[in-house]
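Sequential numbering from 17 applies to the sequence shown in the working numbering.
Comments concern the structure below.
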Amino acid sequence: MKERPILFSGPMVRALLDGSKTQTRRVVKNQPAADVAPIRLSRYHPTVIDRRGEEQPGAEIFGAYSDDGEWGSKCPYGEPGDRLWVRESFRFTSDFDADSPARVGERCLDAGYKTAWAPIQFDADGAQRDWGWVGTPPGREVTAGRIRASMHMPRWASRITLEVTGVRVERLQDIRETDAIAEGIGKTPSGFWKTYGRSGVDGTYSPRSSFHCLWDSINGPESWDANPWVWVVEFKRVS
17 MKERPILFSG PMVRALLDGS KTQTRRVVKN QPAADVAPIR LSRYHPTVID RRGEEQPGAE
77 IFGAYSDDGE WGSKCPYGEP GDRLWVRESF RFTSDFDADS PARVGERCLD AGYKTAWAPI
137 QFDADGAQRD WGWVGTPPGR EVTAGRIRAS MHMPRWASRI TLEVTGVRVE RLQDIRETDA
197 IAEGIGKTPS GFWKTYGRSG VDGTYSPRSS FHCLWDSING PESWDANPWV WVVEFKRVS
């Protein structure tokens, strides 16, 4: 079993916490050609070129490949049984505003703690962890510090761990209604599916249309229309 980090936005973190999100779609960086042969997913040995310029089977990897061997890509999110620890935006107390997350961890270890820790506030829902830490003098007001981007969250600060239960590769627009719901889309107070900021539209009856709006809000206008190949990662929350 291997662990890897994965980034999620605030709304998707909230969906992870309430259990409504059990899938995520991420663009395959090495997009196959439009006429790619049927794609399979398994462990395989990619072809590599040795020092003599000859083709040799490389180390075994888990990923996707075309039947004709013309295209292949290692899955950056692992395989079933592997784990993903979630990176999300967060804050330390203002005491640590001058320190990087790495430096905060180093200060803990320098102080004699066996593992790094710090008072943390998670931006997605405002939840706090270790906020009443022992270094706070009685009666002193504790204030949240500056926001830290999710990409800078260290492993020890993460509160959510996911176990990969399935992986596949497909075109973005092949998503089904049930899969769109599993992506963690939310509902409006009136019971429609959210449209995530699309102007002039308050909601939709279609989960798939809701996910379309969510995808464009995260990846940019018309990114849905590009219909890229995506990794579909299914998971369950373990912490």
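Heads up, the beta-carbon is just placed ideally off N, CA and C, and yes, glycines get one too.
- Between G200 and A31, the beta carbon gap of about 3 Å places them in contact (Cβ cut-off 8 Å).
- Across the structure, S215 and S255 are spaced so that their CA atoms are roughly 36 Å apart.
- For T40, the enclosing beta strand (DSSP E) has its first and last residue at 39–43.
- Excluding sequence positions up to five before and after C229, its CB lies within less than 7 Å of the CB of T211, Y212, R214, all in the same chain and listed in chain order.
- The DSSP-derived three-state label of S82 is strand.
- Boundaries of the alpha helix (DSSP H) around I234: 223–235.
- The alpha-carbon separation between P62 and R56 amounts to approximately 13 Å.
- Ranking E186, R164, I197 by CA distance to the CA of A114 puts R164 first.
- For A53, the closest of I234, D84, N243 by C-alpha to C-alpha distance is D84.
- Boundaries cannot be given for V158, as no alpha helix (DSSP H) includes it and DSSP labels it neither H nor E.
- Under the three-pair Cβ rule at 8 Å, the stretch 91–108 counts as touching the stretch 168–183.
- Taking 3 residues as the minimum length, the beta strand (DSSP E) runs contained wholly in the stretch 98–141 are 99–103, 106–108, 136–138, in order along the chain.
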